[in-house]
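Protein chains: 2
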Amino acid sequence: MASRPKATILDIAREAGVSKSTVSLVLQGSGLIRPETALKVRKAIEDVGYVYNRGAANLRKAHSNVIGMVINDLTNPFFAEMAVGMERVFQSAGIVPFIANTAENPVRQEEVLKSLMEQGVAGLIVSPARGTTSGAFRRIEMAGLPIVFTMRRLPESRIPVIAPDNHRGAWLATAHLIGKGHRRLVFFGGSSDLVVYHERLGGFREACEALGIAKRDTLVVEGETSRKGGIACLETALAMAEPPSAALCFNDAVAFGVMLALRKRGLEPGADFAVVGFDDVIEAQHYMPALTSVAVDSAGLGERAAHVMLKMIQSRTTRAEDHIGAVNLVVRDSCGPDRRAGVGDAA
Amino acid sequence: MASRPKATILDIAREAGVSKSTVSLVLQGSGLIRPETALKVRKAIEDVGYVYNRGAANLRKAHSNVIGMVINDLTNPFFAEMAVGMERVFQSAGIVPFIANTAENPVRQEEVLKSLMEQGVAGLIVSPARGTTSGAFRRIEMAGLPIVFTMRRLPESRIPVIAPDNHRGAWLATAHLIGKGHRRLVFFGGSSDLVVYHERLGGFREACEALGIAKRDTLVVEGETSRKGGIACLETALAMAEPPSAALCFNDAVAFGVMLALRKRGLEPGADFAVVGFDDVIEAQHYMPALTSVAVDSAGLGERAAHVMLKMIQSRTTRAEDHIGAVNLVVRDSCGPDRRAGVGDAA
DNA sequence: TTGATTTATTGGAACGTTCCATTTATAGGC
DNA sequence: GCCTATAAATGGAACGTTCCAATAAATCAA
Chain R
2 MASRPKATIL DIAREAGVSK STVSLVLQGS GLIRPETALK VRKAIEDVGY VYNRGAANLR
62 KAHSNVIGMV INDLTNPFFA EMAVGMERVF QSAGIVPFIA NTAENPVRQE EVLKSLMEQG
122 VAGLIVSPAR GTTSGAFRRI EMAGLPIVFT MRRLPESRIP VIAPDNHRGA WLATAHLIGK
182 GHRRLVFFGG SSDLVVYHER LGGFREACEA LGIAKRDTLV VEGETSRKGG IACLETALAM
242 AEPPSAALCF NDAVAFGVML ALRKRGLEPG ADFAVVGFDD VIEAQHYMPA LTSVAVDSAG
302 LGERAAHVML KMIQSRTTRA EDHIGAVNLV VRDSCGPDRR AGVGDAA
Chain H
2 MASRPKATIL DIAREAGVSK STVSLVLQGS GLIRPETALK VRKAIEDVGY VYNRGAANLR
62 KAHSNVIGMV INDLTNPFFA EMAVGMERVF QSAGIVPFIA NTAENPVRQE EVLKSLMEQG
122 VAGLIVSPAR GTTSGAFRRI EMAGLPIVFT MRRLPESRIP VIAPDNHRGA WLATAHLIGK
182 GHRRLVFFGG SSDLVVYHER LGGFREACEA LGIAKRDTLV VEGETSRKGG IACLETALAM
242 AEPPSAALCF NDAVAFGVML ALRKRGLEPG ADFAVVGFDD VIEAQHYMPA LTSVAVDSAG
302 LGERAAHVML KMIQSRTTRA EDHIGAVNLV VRDSCGPDRR AGVGDAA
């Protein structure tokens, strides 16, 4: 039963009593073949259990129907949502996306990209792993393969990027916190090797400055962009001589960690300490308290990225416009007023 | 800049002043070539920006290094965890897993499987979409391609399965609830087109029977295996003339939905209504209250599946043993005693 | 030196497709 | 009947690799 010699179009041709060219034509759905002949061929295909060999085909026509999707952290629901958005549009274009996970590991990313290219993908959608060197995509660009970045950009690369308006999102969230009466704020999580980090932190800082928060009252604690990182961030913040009363978190995962750590210390998120997240993953609305977060429409960004990729493939170009997606702050229950100041409305 | 003609080993050969065979040998890391020659070749490879064409190679050697991983719901963190487990072991074997999502859609699944096969994968790890017909994998079996199922099995298929001990897990969870004094229990979520459903429901029923719960006190409410499904389940249960006091949920997503719906009605999960989940995803421990759930070690199952697949590929067989993974109940705060009975300890 | 042995390198056929240029069959016009 | 136009089917070269058998070069034994 194991591995009989695979059937080829020649086997089908023999079985159906036609030539290999005819079989090939049928396979491609050409209208040149008489319907009855096509039927006969299709039956033969079924009978011999034929599997199309795309590798062999690509040897001639070099137009594969798969695109690679390289993601830095599959366990972050945010990326899963984005992936689903992409799949929606690719499906209707007859393209199959293969997803590969890099787990934030540049070495792994290198392997994965290599493998995808060797496989002859038509294009690449990449959310680069942290610490990716700027040369990592040189080979891909050299090969003239369409590529777009999502969510993250590389410092000095000219590869098109599809990402949310991080700066604005952070600005909005920060303004919200300040509006609630908080006067000593902190930015939690992320690290400076990420461009996104600078964008979000920039929005935070500018909002603070614009709305009259003193420099010495706008704090920053770097950390992992995960629940664990959030826990650690809160610990360091509370250990300060003069702790902040509100935090903007790099993403929702960090915010969840912060809320968790607050609870562990007997503090109530929202009432005793305000926290706002970034990304607005589905879980955000289901937490207790529900998390105020910057919605980035991950599925929409995924769709957008897919469309850009499609366009690039069709027009065989390697250039495209950046796309900065709109964001909006979803206010829920995780940011009450600053207790000490006694300003603002109840959560 | 766009799409120059791609370099082939012949271009490299010319560049390096050797034959194509030599280049091929270098590419495969053969020890037969003189180190200096190899170096010269590698330099040429770098210079011309060569990309290996695995499709062409597979035409001859038919041993690809990619395996396909077909998952029914990428947004369920449970599967992402499993995927990560698999990747760990594949990576060290030099195999690249490509992930494809079917979104519980059998038609989509068909397309994805076809594409993966055409791409010449070495094997397939599949968590079948709900409603998959038993014939869906016939072609794959005919082709003698190694395939293993994870998490779900098909009614009468002989394809090896890697899955948790659903029956036992449900039994343990049910016994726990009964031990807490509950006397009228319900099973929430899932539907009978899933084999897993029958396994878990079976464990629930047997435990009820064995531990003296009357048939008319063991209820069942089918529903989607999602948060939304959980919400719906609770609504129907509370609308009953004689509502249950505790629920075993098909999975954690359903349990989260149930807890959410309880809150909306002003009921406290754990105190007013006991709920236990299944899968023990990471979120379970972070919910309020923390969810009691059946841990299935998803990453471990993923690793297991990967190992089985590796073994199948090496021994070029298409058979393998099923593997039923151990489960254990993680008791947290979501199951207090039955209030009405006033039995058992405090949560 | 000559042959035998080992070490490096090479040409050519094969893999399963596509596609162009042909050939063969079918129909239409007179 | 023959010629032309169209429709349907076909053979062969090409795609980029691997691998076998063969050659060329280097080393050794005598």
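The listed protein sequences correspond, in order, to chains R and H. Just so you know, this note's numbering puts 212 at position 211 of the first sequence, and the rest follows in order with no gaps. Just so you know, this note's numbering puts 326 at position 325 of the second sequence, and the rest follows in order with no gaps. For glycine and all other residues, C-beta sits at the position ideal for the given N, C-alpha and C.
By DSSP, does R/D346 sit in helix, in strand, or in coil?
-> Below a pLDDT of 50, predicted positions are generally treated as unreliable, and R/D346, at 40, falls in that range; the measurement from the model is reported next regardless. Coil, per DSSP.
With a cut-off of 7 Å, does the C-beta of R/T175 fall near any C-beta of chain H?
-> Using a CB distance cut-off of 7 Å, R/T175 does not count as an interface residue toward chain H.
Is the beta carbon of R/A81 sitting closer than 7 Å to the one on H/T133?
-> Not a contact, by the Cβ cut-off of 7 Å.
Residue-chain proximity (R/E119, chain H), Cβ-Cβ < 7 Å | Interface with chain H (7 Å Cβ-Cβ cutoff): R/E119 is included.
Ordered list of alpha helix (DSSP H) runs contained in the stretch 90 to 156 of chain H, each at least 4 residues = Here the runs fully enclosed are 107 to 119, 139 to 143.
What do you reckon, are the CB atoms on R/I68 and R/G124 nearer than 7 Å?
-> For R/I68 and R/G124, yes; Cβs fall inside 7 Å.
H/A238 versus H/A285: straight-line alpha-carbon distance, rounded | Rounded to the nearest angstrom, the two C-alpha atoms are 23 Å apart.
Quick one: using the 10 Å Cβ neighbour count with 16 as the cut-off for buried, is R/S116 buried or exposed?
-> R/S116 comes out buried.
For H/F274, write down the residues that DSSP places opposite it in a beta bridge.
-> Answer by DSSP bridge pairing, in chain order: H/P270.
If you count every other CB in all the chains shown that lies within 10 Å of the CB of R/D346, and 16 or more means buried, which is it?
-> Confidence at R/D346 is low in this model, with a pLDDT of 40, below 50, so the placement of that residue should be treated as unreliable; the coordinate-derived value is given next. Exposed.
In this structure, does DSSP put R/M70 in helix, strand or coil?
-> In the structure shown, R/M70 sits in a strand (DSSP, three-state: E or B).
Exposed or buried, which one is R/V259 when buried takes at least 16 other CB atoms within 10 Å?
-> Label assigned to R/V259: buried.
Have a look at R/T103 and H/M70 and give me their C-alpha separation to the nearest angstrom.
-> Whole-angstrom Cα-Cα distance: 15 Å.
Let me know if H/E243 comes out buried or exposed under the rule of 16 or more other beta-carbons within 10 Å of its beta-carbon.
-> Exposed: under 16 other Cβ atoms inside 10 Å.
Measure the alpha-carbon distance for R/V344 versus R/G271 and round it to whole angstroms.
-> Caution applies to R/V344, whose pLDDT of 41 falls short of 50 and renders its modelled position unreliable; the value that the coordinates give is listed next. Whole-angstrom Cα-Cα distance: 14 Å.
Interface residues of chain H around R/F257 at Cβ under 9 Å?
-> What R/F257 touches in chain H: E284, H287.
Return the Cβ separation of R/A275 and R/S335 in integer angstroms, given the expectation that the two are a contact with Cβ distance under 8 Å.
-> Contact between R/A275 and R/S335 holds: CB atoms are separated by about 7 Å, below the 8 Å threshold.
Length of the line joining the Cα atoms of H/A306 and R/D74 = Their backbone Cα atoms lie some 21 Å apart in a straight line.
Reducing DSSP to helix, strand and coil, say where H/T318 ends up.
-> Three-state result, H/T318: coil.
Assuming R/G136 contacts R/G190 under a Cβ cut-off of 8 Å, what Cβ separation, rounded to an integer in Å, is found between them?
-> At roughly 28 Å, the Cβ-Cβ gap does not stay under 8 Å, so R/G136 and R/G190 are not in contact.
Mind checking which residues open and close the beta strand (DSSP E) that includes H/G326?
-> Boundaries of the beta strand (DSSP E) around H/G326: 324 to 326.
Under 7 Å between C-beta atoms of R/V187 and R/A248 = Cβ distance < 7 Å, so R/V187 and R/A248 count as in contact.
The alpha helix (DSSP H) spanning R/I163 covers which residue range?
-> No alpha helix (DSSP H) holds R/I163; the beta strand (DSSP E) holding it covers 162 to 165.
In angstroms with no decimal places, state the Cα-to-Cα distance between H/M143 and R/G50.
-> So the alpha carbons of these two residues sit roughly 7 Å apart.
According to the Cβ coordinates, are H/V328 and H/P78 closer than 7 Å?
-> No. Outside cutoff.
H/P36, buried or exposed, once every other Cβ within 10 Å from all chains shown has been counted against 16 = By the 10 Å Cβ count, H/P36 comes out exposed.
Tell me whether the beta-carbon of H/E105 lies closer than 7 Å to the beta-carbon of H/A130.
-> Going by C-beta atoms, H/E105 is nearer than 7 Å to H/A130.
Coarse secondary structure for H/D280, derived from DSSP in three states = Strand.
Under the assumption that R/R89 contacts R/E304 (Cβ atoms under 8 Å), give the Cβ distance between them as a whole number of angstroms.
-> The pair is a contact, with the Cβ atoms about 6 Å apart (cut-off 8 Å).
Counting contacts by CB-CB distance shorter than 7 Å, is H/T133 in contact with chain R?
-> Chain R, which has no Cβ nearer than 7 Å to the Cβ of H/T133, makes this no.
Under the rule that 16 or more other beta-carbon atoms within 10 Å means buried, what is R/A215, buried or exposed?
-> In this structure R/A215 is exposed. Its beta-carbon is surrounded by fewer than 16 other beta-carbon atoms within 10 angstroms.
Which runs of the alpha helix (DSSP H) fall wholly inside the stretch 6 to 59 of chain H and span at least 4 residues, in chain order?
-> Listed in chain order, they are 10 to 17, 21 to 28, 36 to 49.
Which whole-angstrom value describes the C-beta separation of R/A101 and H/V113, a residue pair presumed to lie in contact below a C-beta threshold of 8 Å?
-> Going by Cβ atoms, the distance from R/A101 to H/V113 rounds to 15 Å, so no, they are not a contact pair.
Residues in the stretch 52 to 66 of chain H with C-beta within 9 Å of chain R's C-beta atoms, listed in sequence order?
-> If the cut-off is 9 Å between Cβ atoms, the stretch 52 to 66 of chain H has V52, Y53, N54, R55, G56, A57, A58, N59, L60, A63, S65, N66 near chain R.
Rounded straight-line distance, which links the Cα of R/C250 to that of R/K181 = Per the coordinates, the alpha-carbon of R/K181 lies some 17 Å from the alpha-carbon of R/C250.
Can you list the residues of chain R that H/N102 reaches, using a CB-CB cut of under 9 Å?
-> Ordered by position in chain R, the residues that pass the 9 Å Cβ test against H/N102 are A81, A84, V85, E88, P98, I100.
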